[in-house]
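Novice: Counting from 1, one number per residue, gives the positions in the sequence shown under the UniProt record's numbering.
We treat Cβ as the ideally placed atom computed from N, Cα and C, and that holds for glycine.
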Amino acid sequence: MKKTTHKEALDNKIFKITSQAATQLNVKSYVIGGFVRDFLLQRDFKKDIDIVAVGSGIALAQEVSSLLPNKPKVQVFKTYGTAMLCFEGIDIEFVGARKESYSTDSRNPVVETGTLEDDQNRRDFTINALALSLDEADYGTLVDPFNGIEDLKNKIIRTPLDPDITYSDDPLRMMRAIRFATQLGFTIEAESLTAIGRNKERIKIITGERIVDELNKILSAAVPSVGFKLLHQTGLLHIIMPELTNLQGVEEVEGQTHKDNFFHTLEVVDNIAQNTDDVWLRWAALLHDIGKAPTKKFSKKVGWTFHGHEFVGGKMVKKLFERLHMPLNHKMKFVSKMVMLSSRPIVLAQDIITDSAVRRLVFDAGEDVESLMTLCEADITTKNPNKFKKYHNNFKIVRQKIVEVEERDHVRNFQPPISGEEIMATFNIKPSKEIGILKEAIKEAILEGEIPNEYQAAHDYMMERAKKLGLVVVD
Ligand code: CTP
Numbered sequence: 001m002k003k004t005t006h007k008e009a010l011d012n013k014i015f016k017i018t019s020q021a022a023t024q025l026n027v028k029s030y031v032i033g034g035f036v037r038d039f040l041l042q043r044d045f046k047k048d049i050d051i052v053a054v055g056s057g058i059a060l061a062q063e064v065s066s067l068l069p070n071k072p073k074v075q076v077f078k079t080y081g082t083a084m085l086c087f088e089g090i091d092i093e094f095v096g097a098r099k100e101s102y103s104t105d106s107r108n109p110v111v112e113t114g115t116l117e118d119d120q121n122r123r124d125f126t127i128n129a130l131a132l133s134l135d136e137a138d139y140g141t142l143v144d145p146f147n148g149i150e151d152l153k154n155k156i157i158r159t160p161l162d163p164d165i166t167y168s169d170d171p172l173r174m175m176r177a178i179r180f181a182t183q184l185g186f187t188i189e190a191e192s193l194t195a196i197g198r199n200k201e202r203i204k205i206i207t208g209e210r211i212v213d214e215l216n217k218i219l220s221a222a223v224p225s226v227g228f229k230l231l232h233q234t235g236l237l238h239i240i241m242p243e244l245t246n247l248q249g250v251e252e253v254e255g256q257t258h259k260d261n262f263f264h265t266l267e268v269v270d271n272i273a274q275n276t277d278d279v280w281l282r283w284a285a286l287l288h289d290i291g292k293a294p295t296k297k298f299s300k301k302v303g304w305t306f307h308g309h310e311f312v313g314g315k316m317v318k319k320l321f322e323r324l325h326m327p328l329n330h331k332m333k334f335v336s337k338m339v340m341l342s343s344r345p346i347v348l349a350q351d352i353i354t355d356s357a358v359r360r361l362v363f364d365a366g367e368d369v370e371s372l373m374t375l376c377e378a379d380i381t382t383k384n385p386n387k388f389k390k391y392h393n394n395f396k397i398v399r400q401k402i403v404e405v406e407e408r409d410h411v412r413n414f415q416p417p418i419s420g421e422e423i424m425a426t427f428n429i430k431p432s433k434e435i436g437i438l439k440e441a442i443k444e445a446i447l448e449g450e451i452p453n454e455y456q457a458a459h460d461y462m463m464e465r466a467k468k469l470g471l472v473v474v475d
């Protein structure tokens, strides 16, 4: 095999020092995995380097640390035989070359020491098994037993071993294959793809957190639908997110059909990916129609309906986040809120846009009104060019109106101009339903545009309404 060297990849001081440390310990060491792959693809370096030692990874890490000027702390993970240190903001992980055999019910391997080739064999993909030698004698030499270089050139995801073994050993790799295909624009080799289908049930032993890590990476890619289509095609999506696959299909009753909400959703996700890097807004796009499966109905009069799907969908977001062990904090609330409000601006895009409708939208969406507009613009997937133009133009007007209305009325973070205390004091009343009635009436009058969002106007309005309720002012 032709010998290729890439010394230029190994400029960073850490490689020279690792090389020295390995010589002192009389072991061979290699940079392997994502660093080598991304260097060869000329992708941005992601501040994470994996080094494999044919010997003890922990001992090598300790030796490297002792040679570094600030002697960084070495974190040791004894069970896995790995160690990590941080150098100039880069995480460097050291691992001893190993042979692994996995038990069938867990991801945790039984580890035995091995050669470099054993170690490369047990990695996920040929493009991730490329190694560069750090040995002084052949510094920078590429070690590529599975022709990963060819796969990089041809943009192929292939496993070093029989894919059934690689995927069954660590089922997370099925998601990784799809994630790399999406991120890098690669094709999963046909045999590998069918092996994912065969092994899909094994994904159930993987924790939600790790699955979500991969989903986040797929969602963060330039064209996320690539990944979701593969997840769907292999059957993985149905296991991890049935809420989405339940949207797939077009039903026909009495000649009436509805759109395929799964493929529509994927279009929306691709659209939004062009307008935001916010992964949570991308999640909202992914989940915006999940309420449509449980609310779908056919009636002879109106055809297919999905009444209340936004509300049902918003509730489903929480359950889905819980099941996948995703954060249940303000991020989940944001996604749920976006789903609940996801149809609101659409009404505005079709009809005459009144100020009060815009004010209500800003009131309900608050700080997130721009995100909501971005979501709704992405939701326009009509293939009718006239409608497409009309909806986008209307949304432009809505956006302008949002700015105007907000400048005038400040309802984005609405604070009632008259407090409950003030109402109680004015009419000398104890906490009672009248206070709620007055507060609601003032808020409605502001949102409807009957009065401006100002203290005096709200006060005058309150006096008027209070009279009707039979309340009298006490001095
Ligand atoms: N690896 C593997 N199986 C896994 C995870 C990782 O074989 N389930 C191996 C691969 O060789 C991979 C290396 O460990 O290249 C480092 O893993 P990781 O840092 O997770 O991925 P990278 O390939 O570095 O890429 P990224 O950071 O984009 O995930």
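Shorter than 8 Å, the distance from the beta carbon of residue 476 to the closest heavy atom of ligand 1, or not?
Specialist: A query on residue 476 cannot be resolved here, the shown segment of the chain reaching from 1 to 475 and no further.
Novice: Quick one: does the C-beta of Q75 sit closer than 8 Å to a heavy atom of ligand 1?
Specialist: Not so, every heavy atom of ligand 1 lies at least 8 Å from the Cβ.
Novice: Is the CB-CB distance between L85 and A21 below 9 Å?
Specialist: Going by C-beta atoms, L85 is not nearer than 9 Å to A21.
Novice: Give me the Cα-Cα distance between F186 and L231, rounded to the nearest whole angstrom.
Specialist: So the alpha carbons of these two residues sit roughly 15 Å apart.
Novice: Shorter than 9 Å from the beta carbon of L215 to some beta carbon of chain B?
Specialist: Absent from the structure: chain B. Only one protein chain is present.
Novice: Helix, strand or coil, according to DSSP, for I32 in the structure here?
Specialist: Note: I32 maps to strand in three-state DSSP.
Novice: Using a 10 Å radius around the Cβ and a threshold of 16 neighbouring Cβ atoms, would you call H309 buried or exposed?
Specialist: The residue in question, H309, is buried, as its Cβ has 16 or more Cβ neighbours within 10 Å.
Novice: What does the Cβ neighbour count give for K288, buried or exposed, with the cut at 16 atoms within 10 Å?
Specialist: Residue identity check: residue 288 is His in the sequence provided, not Lys. Buried.
Novice: Is the distance from the Cβ of A349 to the Cβ of V398 below 9 Å?
Specialist: The answer is yes: Cβ separation under 9 Å.
Novice: Identify, in the order they occur along the chain, each residue of the same chain with its Cβ nearer than 8 Å to the Cβ of R123, setting aside the five sequence neighbours on each side.
Specialist: Closer than 8 Å at the Cβ level, and outside the excluded window around R123, lie I32, G33, A129 and P160.
Novice: Out of R179, G140 and S168, state which residue places its alpha-carbon closest to the alpha-carbon of I157.
Specialist: Nearest C-alpha to I157: R179.
Novice: Using only CA atoms, which one of E112, S133, H307 and M373 lies nearest to D50?
Specialist: Nearest option by C-alpha distance: S133.
Novice: Mind checking who V54 pairs with in its DSSP beta bridge?
Specialist: Bridge partners of V54: K28.
Novice: By how many angstroms is the C-alpha of M332 removed from the C-alpha of V317?
Specialist: V317 and M332: Cα-Cα distance of roughly 7 Å.
Novice: Please state the DSSP three-state secondary structure of M326.
Specialist: M326: coil per DSSP, three-state reduction.
Novice: I'd like to know whether the C-beta atoms of F94 and A177 end up nearer to each other than 9 Å.
Specialist: No; because the gap between Cβ atoms is not below 9 Å, this pair is not in contact.
Novice: If you reduce the DSSP assignment to three classes, tell me which class I178 lands in.
Specialist: Here I178 sits in helix by DSSP.
Novice: Alpha carbons only, please: which of N453, E464, S371 and E209 is nearest the one belonging to K337?
Specialist: When each option's Cα is compared against that of K337, the closest is S371.
Novice: What residue range is occupied by the uninterrupted alpha helix (DSSP H) comprising A195?
Specialist: A190 to N199 is the span of the alpha helix (DSSP H), which, as asked, contains A195.
Novice: The beta strand (DSSP E) that contains S343, what's its start and end?
Specialist: It is not in any beta strand (DSSP E) - S343 carries neither H nor E in the DSSP assignment.
Novice: Pull the bridge partners of L134 from the DSSP assignment, please.
Specialist: The partner list for L134 (beta bridge, DSSP) is empty, contrary to what the question assumes.
Novice: List the whole-angstrom C-beta distance separating A61 from A97, where the pair is believed to meet the contact cut-off of C-beta under 8 Å.
Specialist: Not really, about 14 Å apart at Cβ, beyond 8 Å.
Novice: Please identify the residue among I240, I437 and G197 whose C-alpha is closest to the C-alpha of K467.
Specialist: Checking every option, the nearest Cα to that of K467 belongs to I437.
Novice: Counting Cβ pairs closer than 8 Å, one from the region 242-249 and one from the region 273-283, do we hit at least three?
Specialist: Taking 8 Å as the limit for Cβ pairs, the verdict is that the region 273-283 does not touch the region 242-249.
Novice: Per DSSP, what are the beta-bridge partners of S66 in this structure?
Specialist: In DSSP, S66 forms no bridge with anything.
Novice: From the DSSP secondary-structure annotation, give me the bridge partner or partners of S371.
Specialist: Partner(s): none; S371 has no beta bridge.
Novice: Span of the beta strand (DSSP E) holding I240?
Specialist: Careful: I240 lies outside any beta strand (DSSP E), inside the alpha helix (DSSP H) at L236 to I240.
Novice: Does at least one heavy atom of ligand 1 sit under 8 Å from the Cβ of I402?
Specialist: No - ligand 1 has no heavy atom lying nearer than 8 Å to the Cβ of I402.
Novice: In the DSSP assignment, find the beta strand (DSSP E) that holds V250 and state where it starts and stops.
Specialist: Careful: V250 lies outside any beta strand (DSSP E) and carries neither H nor E.
Novice: Between the C-alpha atoms of A131 and R202, what's the straight-line distance to the nearest angstrom?
Specialist: If I take the Cα positions, the gap works out to 29 Å.
Novice: Suppose the cutoff is 7 Å on Cβ atoms and the five residues either side in sequence are ignored; what does the same chain contact list for E322 look like?
Specialist: Taken in chain order, the residues that qualify are L328.
Novice: Where does the unbroken alpha helix (DSSP H) through L85 begin, and where does it stop?
Specialist: Premise fails: L85 lies in the beta strand (DSSP E), T82 to F87, not in any alpha helix (DSSP H).
Novice: Using DSSP's beta-bridge definition, name the partner residues of S299.
Specialist: Answer is G303, bridged to S299.
Novice: Please report the distance separating the alpha-carbon of A445 from that of A365.
Specialist: Using only the alpha carbons, I get a separation of about 19 Å.
Novice: Here's a check: name, in chain order, each residue in its chain whose Cβ is nearer than 8 Å to the Cβ of P345, leaving out the five neighbours to either side.
Specialist: These residues qualify, in order along the chain: L361, L372, M373, C376, F395 and V398.
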